[in-house]
Amino acid sequence: MPLKNHTWEVILVDDGSTDSSAEKIQQIAQTDPEHVIAIYLRRNFGQTAAIAAGIDHARGDIIVLMDADLQNDPADIPLLIEKIEQGYDVVSGWRKDRQDAFLTRTLPSKIANWLISVVTGVHLHDYGCTLKAYRREVLTGFRLYGEMHRFIPAYASSVGARIVEVPVRHHPRKYGKAKYGLSRTFKVILDLFTVKFLMSYAQKPIYVFGGAGIVLMSLSVLTVTALVIRRLTIGEHLIRSPLLLLSVMFFIMGFQSLLMGLQAEVLNRTYHESQHKPIYTVRSIYRHGREEKG
């Protein structure tokens, strides 16, 4: 849709649809070849892959994501871009008056949003709303896998993005069929383990593995201490006590965890140094009397 003072393009991604979506996308692209780009994936790879394909082929400095079911209103796009122009890096849509079934869609979404906000520290009401606007630079430096599209604001926050949330309109579903339900909440919990690790420990994996190792080896020492005390006080035989086996198990697990942490550190350094990836991101540089984008 035309926007004042902006050149624009629309990228339509067909994620291996089995209906007439591909034909309709082609018709739209042929109608306005200057502004519309059509991308056809070879099969259904999922929403995250479709979003990644759109981002990879986008050429603009501002990228707006949106589902094709028209539950979100394209008329809200200028509102998101206005917030970007005010200095924000990520503008997240919030379906404040959501028009979906409460038990199967809205309730699981509320639970998932609360979990993601608590774990990542990026508090948003509606992670699941695809209608979001991003500055291109905050989308670089990470790749999307699995079902990670809902965590893009959290990834962007990890590189210092300024995030704001704005209410957007939401309409009842008229086209297509929702593929998310109660099972989505459990997938979010599993994905959160990956996100939390990548956000908090990707640069220093020894902290999580080494920390676990120290805890386990400390438990081993405490167990041996308890075993010795029982031997001195009640004369319990060391070999016959299950505490000895428990102590050995804790020590072995702790030592293995430390070794895994060291191995992860080596892999992390190999990853960054072989690809010359920096461990920081630059927002802007002021040089020779003018500001340059990072």
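In our numbering, the protein residues as written are -7 to 286. Each residue gets a CB set at the ideal place from its N, CA and C atoms; glycine is no exception.
- Which value, in whole angstroms, describes the spacing of the CA atoms of I206 and Y199? 10 Å
- In three-state DSSP terms, what is E157? strand
- In whole angstroms, what is the alpha-carbon distance linking D81 and F134? 16 Å
- Would you call I244 buried or exposed, if buried means 16 or more other Cβ atoms sit within 10 Å of its Cβ? exposed
- Stretch pair the region 110 to 124 + the region 178 to 195: three plus CB contacts closer than 8 Å: yes
- Query: So, is the C-beta of N105 closer than 8 Å to a C-beta in chain C?
  - Reply: In the displayed structure, chain C is absent; only one protein chain is listed.
- Query: Within 10 angstroms of its Cβ, does G246 collect 16 or more other Cβ (buried), or is it exposed?
  - Reply: buried
- Task: Could you tell me which of D48, K75, Q39 and P197 sits nearest to M58, measuring between CA atoms?
- Result: Q39
- Query: With respect to 7 Å, is the separation between the Cβ of S109 and the closest non-hydrogen atom of the ligand FMN below this value?
  - Reply: Within the structure as shown, the ligand FMN is missing, as the structure has no ligands at all.
- Straight-line Cα distance separating T96 from L21: The amino acid occupying residue 21 in the given sequence is Ala; Leu does not appear at that position. Spanning the two alpha carbons is a distance of roughly 35 Å.
- Message: Helix, strand or coil for A42? Go by DSSP, reduced to three states.
- Response: helix
- Closest by CA to V160, which one among I3, M140, R90 and D7? R90
- Item | the region 211 to 223 touching the region 231 to 240, judged by at least three CB pairs closer than 8 Å | yes
- Message: Based on DSSP bridge pairs, tell me the residues matched to Y32.
- Response: D6
- Under 8 Å Cβ to Cβ from L131, same chain only, skipping five residues before and after it: list those, please. I47, I55, I144 and A148
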